[in-house]
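A.B. asks:
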Amino acid sequence: MTVALVATGGTIASTPTAGADAEPDLRGADLVEAVPELGELADLTVREFSAVPSPHFTVERMHDLAGVVDELDDDGGVTGVVVTQGTDVLEETAYFLDLCYDGDTPVAVTGAMRNPSLPGADGPANLLAAVRAVSSPEAADLGVLVAFNDRLHAAREATKVHTTNPDTFRTPEFGPLGVVDEDRVVWYRAPTRTDPTFEVDADRLTADVHAVTATAGMPPEQVAVAAEGDGLCLAATGAGHVPPGVVPALEDLVAAGVPLVVTSRCPEGRLARNTYGFRGSEATLRELGARYSDVNLQKTRIKAIVALAADRLEAAFERP
Ligand code: ASP
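Every number in our numbering is 1055 more than the matching position in the sequence shown, counting from 1.
1. Determine the direct distance from the alpha carbon of Gly-1065 to that of Pro-1299, and round the result to whole angstroms.
2. Going straight from the alpha carbon of Gly-1135 to that of Ala-1188, what length do you get?
3. For Val-1309, tell me which candidate among Val-1278, Ala-1290 and Leu-1326 has the shortest Cα-Cα distance.
4. Have a look at Phe-1108 and Gln-1140 and give me their C-alpha separation to the nearest angstrom.
5. Could you say which of Ala-1097, Glu-1078, Leu-1315 and Val-1216 lies nearest to Arg-1341 if we only look at CA atoms?
6. For the ligand ASP, I want to know if Thr-1066 counts as a neighbour, meaning its beta carbon is within less than 7 angstroms of at least one of the ligand's heavy atoms.
7. Out of Gly-1198, Ala-1195 and Ala-1202, point me to the one whose CA is closest to Ala-1180's CA.
8. Indicate the three-state DSSP secondary structure (helix, strand or coil) for Ala-1209 in the structure shown.
9. Quick check on the DSSP output: what are the complete alpha helix (DSSP H) runs of length 4 or more inside the region 1308–1348, in order along the chain?
10. Counting beta carbon pairs with one atom in the region 1221–1235 and one in the region 1080–1088, are three or more of them shorter than 8 angstroms?
11. Is Ala-1338 closer than 8 angstroms to Gly-1344 when the C-beta atoms are compared?
12. Quick test of the definition: if touching needs 3 or more C-beta pairs under 8 angstroms, does the region 1255–1271 touch the region 1206–1217?
13. Between the alpha carbons of Val-1361 and Glu-1115, how many angstroms are there, rounded?
14. Where does Pro-1274 land, buried or exposed, given buried means 16+ other C-beta within 10 angstroms?
15. Run the proximity test for Pro-1108: is its beta-carbon closer than 7 angstroms to any non-hydrogen atom belonging to the ligand ASP?
16. How is Gly-1295 classed by DSSP in three states: helix, strand or coil?
17. Mind checking whether Arg-1320 and Ala-1290 have CB atoms under 8 angstroms apart?
18. Across the region 1068–1077 and the region 1095–1103, are there enough close Cβ pairs to call them in contact, namely three or more that are closer than 8 angstroms?
19. What whole-angstrom Cβ distance do Leu-1182 and Val-1240 have, given they're in contact under 8 angstroms?
Printed below as a string of structure tokens:
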């Protein structure tokens, strides 16, 4: 087994510097060196991609990272890929990779909530779990994984739910695909809802896709501003509802040809199709020609950006 570690920064690679709070300054090689048990599982090679906190990631950087993963998949000697990243936008990066990747080499993304200088630092255990996950023969068919706190999630489904607790990644409603028990990887389910793979044209990548959460009596300006952008992803209330006051702004946006993609702000459940008919309900969204998404708002935005850059918005989201 040869596992390639692609280090990008984040808490897993952060240490406090004299008199200051933690910042990413460790290299991937340092992360590997700190976990001697890795050597019993695989030969580790390291790609030093970056040393940044994850909120510094852009969609261009995610695309570059997807290129590195593809390159490693093409390298016949690599049997698994582990990406380390900060946890804040890890779910977006992992999903970006998932949407662009159709290789056979298992890929997992991991990180840490407690930096290596803190008691109970979780980076080493997460790295070990991620290497175990990509060394599991079944992992190749499960898409990009998020490995965290011994739970193995689909990148499409995992979301960060806690600001500081090491048990921060969850798959709402359905739970993880598998777990790491002692030194074994145990799979419980396979994702049946998957996405097409998109071939991104780097010149078409845009960050100008707005992501807005609907709230009671929200100012219409919050959605109107997206009329100047490349898309609006809207987390509607409940099963797909918005305050009536924003409907005219949504109509203008759609008339201007800006794609409107709707998901729910509820962490579980899907959008309704034919339950309510009030103004601002799913009936209004249907009339507007809104596209439906079944992933959370931040992932919906990533999917819209990737699909726009591949010129395949129709393949990405259904219109009920
Ligand atoms: N708190 C973050 C982390 O878990 C910082 C970051 O996302 O880089 O790594």
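The beta-carbon is built from N, C-alpha and C at its ideal position, and this holds for glycine as well. This one's a predicted model, so the numbers in the text were calculated from it and none came from an experiment.
C.D. replies: Let me spell this out:
1. 41 angstroms
2. 9 angstroms
3. Val-1278
4. The sequence shown places Pro at residue 1108, not Phe. C-alpha separation (whole angstroms): 8 angstroms.
5. Leu-1315
6. yes
7. Ala-1202
8. strand
9. 1337–1343
10. no
11. no
12. no
13. 11 angstroms
14. exposed
15. yes
16. coil
17. yes
18. no
19. Not quite, the Cβ-Cβ distance comes to about 14 angstroms (not below 8 angstroms), so this is no contact.
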